[in-house]
Every structure is written in structure tokens, then in C-alpha cells.
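The structure under discussion appears below in the form of C-alpha cells.
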Amino acid sequence: MAATSLMSALAARLFRPAQSCCLRHRPFHLATVRNEAVVISGRKLAQQIKQEVRQEVEEWVASGNKLPYLSVILIGENPASHSYVLNKTRAAADVEHIDERKICNAVSPDKDVDGFHVINVGRMCLDQYSMLPATPWGVWEIIKRTGIPTLGKNVVVAGRSKNVGMPIAMLLHTDGAHERPGGDATVTICHRYTPKEQLKKHTVLADIVVSAAGVRKKAGYITPVPGGVGPMTVAMLMKNTIIAAKKLLRLEEREVLKSKELGVATN
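Position in the sequence shown (first residue = 1) + 1 = the numbering used here.
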């Protein structure tokens, strides 16, 4: 059972800004008294989540199941790749067009651990259970595990990318009582065309700001670079992998049961 991680050059570029996340939390709209922000260790939280995943995998294998594994497909330019891979992908990008959406949708939704398939995106927007994109899910877990309240709070998300900004906004504003619980916050999405004066007004009123801008002197909580959202992204990807493996097994078991029932019926 393999889960497939699919990240195009565009997705890679969109992920990089989210490596820093400013979380400004002002309880009851009161200004933070401290001089500097509390630094949230994404590495420590990621280690905690990876330990949870490790235990889950050990129990999974001990029950007689195959060890889940993750397949990664690199498309286009990826700065984290080896230089020879970069050279080849850059050359390929010069001579061919890659339809990112078509490739993302070619992956089975059940194996889409990046949460990029249109079905997973749609289910996320409908507050239904789905594979969540690793970076937004990592930010959401940082907020929850740090104990930062979101219910009724004003949140500003700086960025509207389909892989980071939009999913973060969805996770924070949706109903906490739905199938996939949300944060019940009031969310404003700002982007490159938001006038600076409007951006300032929104952030002044916000209880939480999720952005890639460093405002340590003004924030209540902030994640560092490195060691912030980056490790959480990897941890949530591992979490999605074991979730995908379990889901695929359940689907296989249903198919086997269905085949047996059909066999009995025809006999």
C-alpha cells in the first residue's frame, strides 16, 4: 500500500513562504504585555506527532499489516533536490508544459497524502473528512497544541494560495461541530493586491495573524525559521501516510467482502 506525495514546482514555491508563521494571540482583544513573542518550537511538536505516528505504525504492523511507504514524485524545479535533478527538471520545463491540476487529479484521492486532489479539496471545503494539505494542517496543529483559542477570534491569513493560504483559512473559520471540526474563527484573507493601509487595519484588529512576515516584537506567539512550520509539514505528511494506508486496507476488505457476497448470491 503506497501513499503518493505529489508536489509541483508551483506547489513547492507556495510552500516555502509558510515556513514562518506568525501567530499573534491577544486574549479578549488585550495587547500582549511581554516585550517579545513566545517562540513555538515546531520541531518539538513535530517530534511529538511523529512519535504518535511511529506508535500507530508499530501497532499497524503488529496486527499483521504491511508497512506503509511513501512514494514521492518531483515535477519541475525543486530547490531541495540534488543539483542533477534540478538541471534535468529545468531543462524539461523549457521544452514541455506540465498541467499541474491534471497531474494532481491523476493520483487516487485515497493515496493523495498532499491533499491536492480536487475531491480532497472539495471535501475539505465542505467540512468533511479528507486528506488535509500538510502545511496548513501543520499550522492548525500548532495552534491547537499550543492552546491558542480560535472560537470567535478575528484571524488574518496573509496569502491566498490554493495549497496553503486557502486551506488554512478553511480550517480556521469552519464549524467546530462538523464532521471535520474547524476553528469557528472570523477569517480575513489578505494577498498581494490588498492595499497596505487595509492590511494594516485588518492586522490591528486581528487576534491571530498567520503569515510569513516576521513581527516578533508585536506577536504573542511566533514560529521560527528553521524549526517552525517546516518540521510540522513533514510530520503531518507522515500522519497522512498512515491514514491513507488504513483507509486503503478498509477499502480492500470491503471489496473482498463484496466479492464473497456476490459469489454466495450467484451460487
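Glycine is no exception: its CB is placed at the ideal position from the N, C-alpha and C atoms.
As the structure is a prediction and not an experimental result, all values here were calculated from the model.
Please return the same chain residues whose Cβ sits closer than 7 Å to the Cβ of VAL54, not counting the five positions on each side in sequence. MET239, LYS240 and ILE243
From ILE223, VAL140, SER212 and TYR222, pick the residue whose C-alpha is nearest to that of GLY183; which is it? VAL140
In this structure, what does DSSP give as the bridge partners for ILE155? Before going further, note that residue 155 is Asn rather than Ile in the sequence given. According to DSSP, which records beta bridges pairwise, ASN155 is partnered with THR187.
Label GLY264 either buried or exposed according to how many other C-beta atoms from any shown protein chain fall within 10 Å of its C-beta, with 16 as the threshold for buried. exposed
To the nearest angstrom, how far is it from the Cα of ARG27 to the Cα of ILE209? With a pLDDT of 43 at ARG27, under the threshold of 50, the modelled position of this residue cannot be trusted; read the value that follows with caution. Those two C-alpha atoms are separated by around 7 Å.
If we count Cβ pairs, one from each stretch, closer than 8 Å, do we get three or more for the region 124-144 versus the region 159-178? yes
Compute the distance between the beta-carbons of GLY228 and ARG44, then report whether it is under 8 Å. yes
If we ignore side chains and look at the alpha-carbon of each, how far apart do ASP113 and ASP185 end up? 27 Å
Tell me, which residues are paired with LEU200 by DSSP? Beta-bridge pairing links LEU200 to no other residue.
Proximal residues to HIS192 (C-beta, below 8 Å), its chain only, five neighbours per side dropped: ALA159, GLY160, ARG161 and GLY166
Beta-carbon separation of THR224 and ILE41 under 8 Å? yes
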